[in-house]
Amino acid sequence: MALSEFELIERYFASSADAHGRGVALGIGDDCALLEVPAGQQLAVSIDTLVSGVHFPADAPPARIARRALAACLSDLAAMGAEPAWLTLALTLPAADPAWLEPFGKALAEGAADYGVALVGGDTTRGPLTLSLQVHGWVPRGEALRRDGGRPGDAVFVTGTLGDAMAGLDQLLHVAEPAPALVERFYRPQARIATGLALRPYASAAIDISDGLVADLGHLMDRSGCGARIDFECLPLSEALRSNYAKQQALSWAGSGGEDFELCFTVPPERLAAFEAALAEHTVPVTRIGTLESQPGLRMTGADADVASRGGYRHF
Ligand SMILES: [Mg+2]
């Protein structure tokens, strides 16, 4: 791209850069950003790449892409109990089109403000639409929620409701008048940052649900050296999902649809009472769905468990 195009792009991202610069000694504009991690904290880092036509429909509105990418990426910080601080963006675009860049930059800035992250660097290239977002957060040394801390007997919980994102995508692709509540869940998932922070004193292990409950709980089980039993009758389903789909389809997406970016976490029995008291006033509901067990593998009980555990669902 010509220099003028880079300048054009920089203009659209300037508002994501300022105003949220905690710990930013030097932001965008030099060869590197210079960042200060507060004393006693560890840096939590994660990167996600989204490709047009693979992770979102090719004609998806740019503002939607920005919000979704941000939430997907920040969800990994939530899963670690980390507090978001900084963001870097590598953006590949077919052309420096202001009609695309303006709403994308605006939505990214709004999202960055909502989550309290500052854009501290980036790169732009010409090519098929692809974006890589890297997030950086802080967590007090030794307090991060990891996948490997679960033990047999720990209760398994999930936040929010499951299956809505894939239902939203199905609505977008196959329904003339898609249900707004489900479409919002696909395009505007919420990274459960506040919940992740609240879980730090209680959870033994945590993961965010990007690939589907069965797959992601499986990762947690593997790293923790445990199996688990979950009851599909307990999976939290939204009213929008229940009213638009048969129960079997709803449970299938809840079990293996993915992209909901809810948290799945475990709490040891001796901390359950304190955890339930602490989370009673929390805005995001948490639902117990099962228990970790010493026997390897995942055992599912409840109606339609067999259907719900079948493979993921991907269009495009
Ligand atoms: Mg993750």
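So the sequence shown is residues 45 to 360, counted in the numbering used here. Yeah, the Cβ is synthetic: ideal placement off N, Cα and C, and Gly gets one too.
Relative to ligand 1, residue 259 has its C-beta separated by 7 Å or more from all heavy atoms.
With a cutoff of 7 Å, residue 91 does not count as near ligand 1, since its C-beta is closer than that to no heavy atom of the ligand. Here the distance from the Cβ of residue 192 to the nearest heavy atom of ligand 1 is not below 7 Å.
Residues 129, 160 and 162 of the same chain have their beta carbon placed closer than 8 Å to that of residue 66, with the five preceding and five following residues left out of the count. Residue 221 sits exposed, since fewer than 16 C-beta atoms from the chains shown fall within 10 Å of its C-beta.
For residue 147, there is no enclosing beta strand (DSSP E); the residue is found in the alpha helix (DSSP H) stretching over 142-159. Taking C-beta atoms as the reference points, residue 92 and residue 177 count as a pair closer than 8 Å.
Scanning its chain for C-beta atoms nearer than 6 Å, with the 5 sequence neighbours on each side dropped, one finds around residue 246 the residues 311, 315 and 319, in chain order. Between residue 287 and residue 258 the beta-carbon gap is near 24 Å, outside 8 Å, which marks them as no contact. Non-local beta-carbon contacts of residue 90 in its own chain, meaning distances under 6 Å to residues more than five positions away in sequence, involve 120 and 179 in chain order.
Of the heavy atoms belonging to ligand 1, at least one sits nearer than 7 Å to the Cβ of residue 119. Take residue 167, set aside five residues on each side of it, and the residues of its chain with a beta-carbon closer than 6 Å to its own are 134, in chain order.
By the CB criterion at 8 Å, residue 122 and residue 240 fall inside the cutoff. DSSP links residue 332 through a beta bridge to 201.
Taking C-beta atoms as the reference points, residue 188 and residue 125 count as a pair closer than 8 Å. With contact defined as three or more Cβ pairs closer than 8 Å, the region 143-154 and the region 66-78 are not in contact. Nearest C-alpha to residue 309 among 147, 83 and 251: 251. Judged by DSSP in its simplified three-state form, residue 106 adopts helix.
By a beta-carbon distance limit of 8 Å, residue 261 contacts residue 342. Their separation comes to about 7 Å.
In this structure, 328 is the residue among 79, 110 and 328 with its C-alpha nearest to the C-alpha of residue 242. Taken through DSSP and simplified to helix, strand or coil, residue 270 comes out as coil. In terms of side-chain proximity, the C-beta atom of residue 198 is found no nearer than 7 Å to any non-hydrogen atom of ligand 1. In the DSSP secondary-structure assignment, residue 90 is bridged to 179. When DSSP states are grouped into helix, strand and coil, residue 327 belongs to the coil group. Between residue 271 and residue 264, the alpha-carbon positions lie close to 9 Å from each other. Residue 209: member of the alpha helix (DSSP H) spanning 208-218, first to last residue. Assignment of residue 100 by DSSP, reduced to helix, strand and coil, places it in the strand class. Sequence-distant partners of residue 111 (beyond 5 residues in either direction) whose C-beta falls short of 6 Å from its own C-beta, in its chain, are 151, 155 and 232. Distance from the Cα of residue 184 is smallest, within the candidate group 148, 204 and 127, for 127. In this structure, the straight-line span from the alpha carbon of residue 211 to that of residue 107 is close to 20 Å. Nearest to residue 195 by alpha-carbon distance, out of 346, 337, 345 and 344, is 337. Looking at the backbone, the Cα of residue 60 and that of residue 54 are separated by about 10 Å.
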